[in-house]
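*Asks:* In the numbering used here, the protein residues as written are 452 to 916. Below is the structure I would like to discuss, written out as structure tokens.
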């Protein structure tokens, strides 16, 4: 949610934000409804103030007039009686006027709010222009000394690689057919050492964030109210990606939604609260199951474990004072946590600065992290994939977009309330992260070496297969 005061003062800034992000909002209609709503609210506040004043003054006034009426005659008596009638009638007139104004407000507010909620967060000034992911800008990359993504896998390792689909099949790590039998397309069953590896990476990342980095661990619901999805900015634009549980049809008071990220619950944790600014930043992490419909996703590079309906993710969220420099510093630190993890398990990766058209509605800045996956990309002369980058993480700065929608405020002592800034970043999402782990660490005999950092979480297992 954007600041209405800023919208009124500089609507062109938000028009540019819509153009940058490819979002259509009828600004003329929004501004007209906003003006109409403010006018109705002003008249309503005046009428309620008058009603309150009359409630205090009418009784004594009528008492005085009735006292005078006892001795009044002729025209004076008629005038006093007329004044009494007017005083008796005024509260009813005000009540009717207030009801009319409340009806007018109720009529204008839904359209006004709907348009207001569609206005995206403007990109930060230093975010580069662009229409989509093809215009994102590489910031830097890293790879272990024994692997260069610019060279074919066979040149790096001395043998032709298998894709993760082949590896999980040959090593008995995932059962796609039974997953589809149970739940339909894009579902799977992690089996044997595949399940153990899946759990190992999650526990390792969670311990890193909580024990090494001091983030506060939270368990948050993955089934939430619509208000929480709207408050965190995933609705209205992302509604088609969420699974909807229509509890209202079964007599419940509200419908529910499955979350696509732990960020929803972590940010909703402080909805409608005022935090003491001295307690900021709040640094939270969770590990949760995530659900996404992935509507419209298809193609060779989305097959297997890459784009699925259910996965598990360790998520990090920071709520910090509303200061751009502090927010940017946390953005760098959160990315640093991810880079440390990826380097410890020897995965080549690169950081991409997302352009304005690839930010999404709620972000003012976003940096994607992509890992090298030998089983992705177009086929080479031998009919095998040549490898390509695949997104595994995304780190976002949201300024006060989410906190405004959630009515999450902060205050220093008895000072005025402000909206803090929010950031989020994937720590690690599995099973997608298993794709580069399996493909990068595969061996000529078809086995996979377990990265040393993960072995304590695998009961000492050093090799799969």
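Ideal Cβ positions, reconstructed from N, Cα and C, are used throughout, including at glycine.
#1: Thinking C-beta only, is residue 878 closer than 9 angstroms to residue 792?
#2: Going by the beta-carbon positions, is the gap between residue 728 and residue 871 smaller than 9 angstroms?
#3: Just the C-alpha distance for residue 594 and residue 803, rounded to the nearest angstrom, thanks.
#4: Tell me the DSSP secondary structure of residue 626 in three-state form.
#5: Does the pairing of the region 816-826 with the region 794-803 give three or more beta-carbon distances under 8 angstroms?
#6: Quick one, are the C-beta atoms of residue 765 and residue 660 less than 9 angstroms apart?
#7: Select from 548, 828, 588, 779 the residue whose C-alpha is nearest the C-alpha of residue 603.
#8: What residue range does the beta strand (DSSP E) around residue 841 cover?
#9: Would you say residue 886 and residue 615 are within 9 angstroms of each other, going by their C-beta atoms?
#10: What are the start and end residues of the alpha helix (DSSP H) that includes residue 589?
#11: Along the chain, where does the alpha helix (DSSP H) containing residue 737 start, and where does it finish?
#12: Alpha carbon to alpha carbon, what distance is there between residue 457 and residue 867?
#13: Taking all protein chains shown into account, decide if residue 475 is buried (16 or more other Cβ within 10 angstroms of its Cβ) or exposed.
#14: With 16 as the cutoff for other CB atoms within 10 Å, does residue 588 come out buried or exposed?
#15: Ends of the beta strand (DSSP E) at residue 858?
#16: For residue 841, count neighbouring Cβ atoms within 10 angstroms of its own Cβ and tell me buried if that reaches 16, exposed if not.
#17: Using 9 angstroms as the threshold, is the C-beta distance between residue 691 and residue 699 below it?
#18: CA-CA distance, residue 744 and residue 685?
#19: Restricting to Cα atoms, I'd like to know which of 782, 654, 825 is closest to residue 663.
#20: Buried or exposed for residue 455, going by 16 or more other Cβ atoms inside 10 Å?
#21: Work out the CA separation of residue 761 and residue 567 for me, nearest whole Å.
#22: Check residue 676 in the structure and name its three-state DSSP category.
#23: Run the CB neighbour count on residue 666, radius 10 Å, all protein chains shown included, and call it buried at 16 or more, exposed below.
#24: With which residues is residue 893 paired in a DSSP beta bridge?
#25: Who pairs with residue 694 in a beta bridge, going by DSSP?
#26: Does residue 739 pass the burial test, meaning 16 or more other C-beta atoms within 10 Å, or should it be called exposed?
#27: Could you check what DSSP says for residue 651 in three-state terms: helix, strand or coil?
#28: Using only the alpha-carbon positions, how far apart do residue 403 and residue 857 sit?
#29: How is the beta strand (DSSP E) around residue 801 delimited, first residue to last?
#30: Is it buried or exposed for residue 695, if we count other Cβ within 10 angstroms and need 16 for buried?
#31: What does a CB cutoff of less than 6 angstroms around residue 741 pick up in its chain, not counting 5 residues either side in sequence?
#32: Beta strand (DSSP E) containing residue 814: first to last residue?
#33: Along the chain, where does the alpha helix (DSSP H) containing residue 876 start, and where does it finish?
*Replies:* So, from the listed chains and residues:
#1: Position 341 of the chain shown, counting from 1, holds the residue named residue 792. Position 427 of the chain shown, counting from 1, holds the residue named residue 878. A contact, by the Cβ cut-off of 9 angstroms.
#2: For this step, residue 728 is matched to residue 277 along the chain shown. For this step, residue 871 is matched to residue 420 along the chain shown. Yes, they are a contact pair.
#3: On the chain shown, position 143 is the one that residue 594 refers to. On the chain shown, position 352 is the one that residue 803 refers to. So the alpha carbons of these two residues sit roughly 15 angstroms apart.
#4: Reading the chain shown from its first residue, position 175 is the one you call residue 626. Residue state, collapsed to three classes: strand.
#5: Yes: the two stretches touch, three or more of their Cβ pairs being nearer than 8 angstroms.
#6: Position 314 of the chain shown, counted from the first residue, corresponds to residue 765. Position 209 of the chain shown, counted from the first residue, corresponds to residue 660. It is a contact, given that the beta carbons lie within the stated cut-off.
#7: Against the chain shown, residue 603 aligns to sequence position 152. Minimum Cα distance to residue 603 is reached at 828.
#8: Looking up residue 841 in the chain shown gives position 390. Per DSSP, residue 841 belongs to the beta strand (DSSP E) from 839-848.
#9: Walking along the chain shown from the start, residue 886 turns up at place 435. Walking along the chain shown from the start, residue 615 turns up at place 164. Cβ atoms of residue 886 and residue 615: closer than 9 angstroms.
#10: Here residue 589 is taken as the residue at index 138 of the chain shown, counted from 1. Unbroken run through residue 589 is the beta strand (DSSP E), 588-593; no alpha helix (DSSP H).
#11: In the chain shown, residue 737 corresponds to position 286, counting from 1. That residue, residue 737, is in no alpha helix (DSSP H); its beta strand (DSSP E) goes 733-742.
#12: Residue numbering aside, residue 867 sits at position 416 when the chain shown is read from its first letter. Residue numbering aside, residue 457 sits at position 6 when the chain shown is read from its first letter. So the two alpha carbons sit approximately 18 angstroms from each other.
#13: The count along the chain shown starts at 1 and reaches residue 475 at position 24. The residue in question, residue 475, is exposed, as its Cβ has fewer than 16 Cβ neighbours within 10 Å.
#14: By 1-based counting over the chain shown, the position of residue 588 is 137. Exposed, since its Cβ has fewer than 16 Cβ neighbours within 10 Å.
#15: For this step, residue 858 is matched to residue 407 along the chain shown. Looking at the DSSP string, residue 858 is not in any beta strand (DSSP E), and its letter there is neither H nor E.
#16: By one-based count along the chain shown, residue 841 stands at place 390. Burial call: buried.
#17: Walking along the chain shown from the start, residue 691 turns up at place 240. Walking along the chain shown from the start, residue 699 turns up at place 248. No, these two residues do not count as a Cβ contact at 9 angstroms.
#18: On the chain shown, residue 744 is found 293 positions in, with the first residue counted as 1. On the chain shown, residue 685 is found 234 positions in, with the first residue counted as 1. Per the coordinates, the alpha-carbon of residue 744 lies some 13 angstroms from the alpha-carbon of residue 685.
#19: Counted from its first residue, the chain shown places residue 663 at position 212. Cα-wise, what sits closest to residue 663 is 654.
#20: Position 4 of the chain shown, counted from the start, is the residue given in the question as residue 455. The residue in question, residue 455, is exposed, as its Cβ has fewer than 16 Cβ neighbours within 10 Å.
#21: If you number the chain shown from 1, residue 567 lands on position 116. If you number the chain shown from 1, residue 761 lands on position 310. When rounded, the distance between both Cα atoms is 32 angstroms.
#22: Mapped onto the chain shown, residue 676 falls at position 225. Here residue 676 sits in strand by DSSP.
#23: Indexing the chain shown from 1 puts residue 666 at position 215. Buried, since its Cβ has 16 or more Cβ neighbours within 10 Å.
#24: Locating residue 893 in the chain shown gives position 442, counting from the first residue. The partner list for residue 893 (beta bridge, DSSP) reads 899.
#25: On the chain shown, residue 694 is found 243 positions in, with the first residue counted as 1. Bridge partners of residue 694: 709.
#26: Within the chain shown, numbered from 1, the residue matching residue 739 stands at position 288. That one is buried.
#27: Position 200 of the chain shown, counted from the first residue, corresponds to residue 651. Of the three classes helix, strand and coil, the one that applies to residue 651 here is helix, per DSSP.
#28: An answer regarding residue 403 cannot be provided, because it is not within the stretch 452 to 916 covered by the chain.
#29: Start at 1 with the first residue of the chain shown, and residue 801 comes out as number 350. Per DSSP, residue 801 belongs to the beta strand (DSSP E) from 800-804.
#30: Here residue 695 refers to the residue found at position 244 when the chain shown is read from its first residue. Exposed is the call here.
#31: Residue 741 sits at position 290 when you count from the first residue of the chain shown. Answer for residue 741: 711, 712, 762, 764, listed in chain order.
#32: Residue numbering aside, residue 814 sits at position 363 when the chain shown is read from its first letter. Residue 814 -> no beta strand (DSSP E), and no H or E assigned at all.
#33: Within the chain shown, the letter at position 425 stands for residue 876. Unbroken run through residue 876 is the beta strand (DSSP E), 872-881; no alpha helix (DSSP H).
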